[in-house]
Structure formats: C-alpha cells, structure tokens
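I have placed the structure first, in the form of structure tokens, so that the comments after it can refer back to it.
In the UniProt record's numbering, the protein residues as written are 1 to 330.
Here you go:
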C-alpha cells in the first residue's frame, strides 16, 4: 500500500524542486513547526536519501512569544528524529522598522542566509503553499503595487525554493495527520492585527463564498502569468538601462533623456527605478509615487525642480541628461 495521497503529492513536489541539484548537496528545510513546513520537512527527510542528497533543518526562534525557545527545541528534536542533520535553532532579535511582520521577515531571512552560507547549503526549502500565494497576490492588489507585486512569490529565488506553491494548505494538514505529526498553531496566525491574517480569515472566505470555490487557485494562476510578464519587462528594462546610461559609476547615475523618451511607459519606469536604486535609494522605501514624479521629468518636462528620493537622493534633468545623485545636486 502506497503513502497517503497528500504525502505522495508533497514528496513529488519536493523531488521536482530538487531535480537539478547535484548529488551529495546539502538541502535545508526551514521549519516553524506549522503544518506547511512540518509536512515539507518530513517529505525532504524521505526524498533526500533516495536522491543521494544530504538534508538538514533550520528553525528560527524570533523570541516574540513566551515559550518560543522550548518550541524551537521541539522542532529541532523532531528534525533530528526524522533524520535531518544538521538541525539548528537560529535565535534572532526582531527590530521594529517597517512593522512587526516585515521586521520578523527581515530577521528570519538574514538568519537563514547566514546559516546556509555557513553550512554551504545548496538550497533552503520554504513551506509556502498556494493559499499563501493567493494571500500575497491580494495584498499586492490592495497596495496597488503593480505587476511585480501581483506576481507573488517565486517558486525559486536564489537559494530559496518553494516546492508547495501549487498545493493547497489542506494538503499539508492532511499529510501531517497521515504521518502522525502534530503541527504547532502559531497564535500570530489568528491575530487579526496582522493584515495577512485578516486576508486569510475574512477576505478569502468571503471571495470563495460570493464567487464560488477555486478563488485561491485562480489567484495563484494569475500570479504565475503576472510573473512571466514582469520577468520579460524587467529583462527589456535592463537592456534599455544599459542603452540609456551615460554613467552609473561613483556617486551619481546619469541617463540620456532622449533615449528614455522613446521607451514604453512600463519599461521606462522600470529603468528609472533601476537608476534610483543604482544611485543608492533603498528599494523598500522607493515607492511608485517617487518613480512617477521622476517620470514626469521625462514625459512632462517644463524645467521643474529636482525630485527628492529616499536615501537622501535627488533626481534632476539638466541639458538633456537625467541625473540621480546625493542631494543637493551641484
């Protein structure tokens, strides 16, 4: 008798995600102890030796809740019981910049990056599911962040891989139950002070109720299509940036305004964002409003003054050249 269908689906997804990995490579599962990451860790423990790979586990203690240290120890012990070695606890201190969710995410990924580098891991597997993808798309839609945000999370990004993006959350819950694994239910996942929790508990159920089942799956398909379009536009914009750039070395970035004027709007604005970041503007603080203001220096040029940008930068147009530099621009 074969494994439970949910278990088989997750194992298959993990095998496919690791199909290009060389033998004897170290693969790490990032595991919080929740159903998604727990089912993923169990699948990796089963699949890795059969693919002649080494497998380990990382769990992050954010120190945000009473008992977090003990829970992290439980996850580590479970990883070792599954045969995942090394199994490590990464203890982090979460800051406050950008709000609690963003600060926790930044601290978590910094710790995962450090551990992966130190252990020389080829990949880190993350347990995001199709439901997480749907939530991400809805949040991007609410922010009006454009197609890149609507494209959601990538199945692969650098060392990070998300094998479960095509599977619903109910599959991971069923897989844990079938393997007698007891997930930990994070209280933060029920705290409606967090926007993502409200999307999960209120917005998506209302959409499913009013529009019919399959909304999460449809949103995930939308993300995949939006990602293809965004990737193509980004590639075009990178080529256009190289053609427009007069200089991007040193303390300023200079672009030819005449070449920018020839570009389609979607490509031109990507070039402007790329230039601002190259000059030192932080990507997280650089909003669509900033980019639109710089864009008007190209599309509605009336001799206007410089545009202030995050990071102490300005963008100004002079003698047919768009200049990004530290304020004030001499």
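Glycine is no exception: its CB is placed at the ideal position from the N, C-alpha and C atoms.
Boundaries of the alpha helix (DSSP H) around residue 229: 215–244.
Shown here, residue 160 sits in a strand according to DSSP, grouped into three states. Of the residues assessed, residue 182 falls on the exposed side of the cut-off, its CB having fewer than 16 other CB atoms within 10 angstroms. Along the segment 91–135, the beta strand (DSSP E) occurs as fully enclosed runs of 3 or more residues at 123–125, listed in sequence order.
In the DSSP assignment, residue 36 forms no beta bridge with any residue.
Spatial neighbours of residue 179 in its own chain (CB-CB distance under 7 Å, excluding positions within 5 residues in sequence) are listed in chain order as 7 and 42.
Secondary structure of residue 252 (DSSP, three-state): strand. In the DSSP secondary-structure assignment, residue 59 is bridged to 89.
For residue 74, the three-state secondary structure derived from DSSP is helix. About 16 Å separates the Cβ atoms of residue 113 and residue 89, ruling out a contact at the 8 Å cut-off. Rounded to whole angstroms, the gap between the alpha carbons of residue 63 and residue 94 is 8 Å. For residue 203, no alpha helix (DSSP H) run applies, since DSSP gives it neither H nor E. Residue 24 has its alpha-carbon roughly 23 Å from the corresponding atom of residue 164. Close CB contacts of residue 56 within its chain, under the 8 Å cut and outside five residues either way in sequence, are with 26, 27, 28, 29, 79, 84, 85, 86, 87, 88, 119 and 121 (chain order). Here residue 75 is near residue 31, since their CB atoms are less than 9 Å apart. For residue 307, the enclosing beta strand (DSSP E) starts and ends at 307–309. When DSSP states are grouped into helix, strand and coil, residue 21 belongs to the coil group. In the DSSP assignment, residue 182 falls outside any alpha helix (DSSP H) and carries neither an H nor an E.
Per DSSP, the beta-bridge partners of residue 324 are 253 and 315.
Residue 137 and residue 154 have their alpha carbons spaced roughly 12 Å apart. The alpha-carbon separation between residue 209 and residue 243 amounts to approximately 50 Å. Taking C-beta atoms as the reference points, residue 40 and residue 10 count as a pair closer than 9 Å. Rounded to the nearest whole angstrom, the CA to CA distance from residue 290 to residue 256 is 19 Å. Sequence-distant partners of residue 254 (beyond 5 residues in either direction) whose C-beta falls short of 6 Å from its own C-beta, in its chain, are 246, 247, 321 and 323. For residue 28, the enclosing beta strand (DSSP E) stretches over residues 26–30. Pairing residue 44 with residue 14, the inter-Cα distance amounts to about 7 Å. Annotation for residue 143: 149 place their beta carbon closer than 8 Å to its own, counting only its chain and skipping 5 residues before and after.
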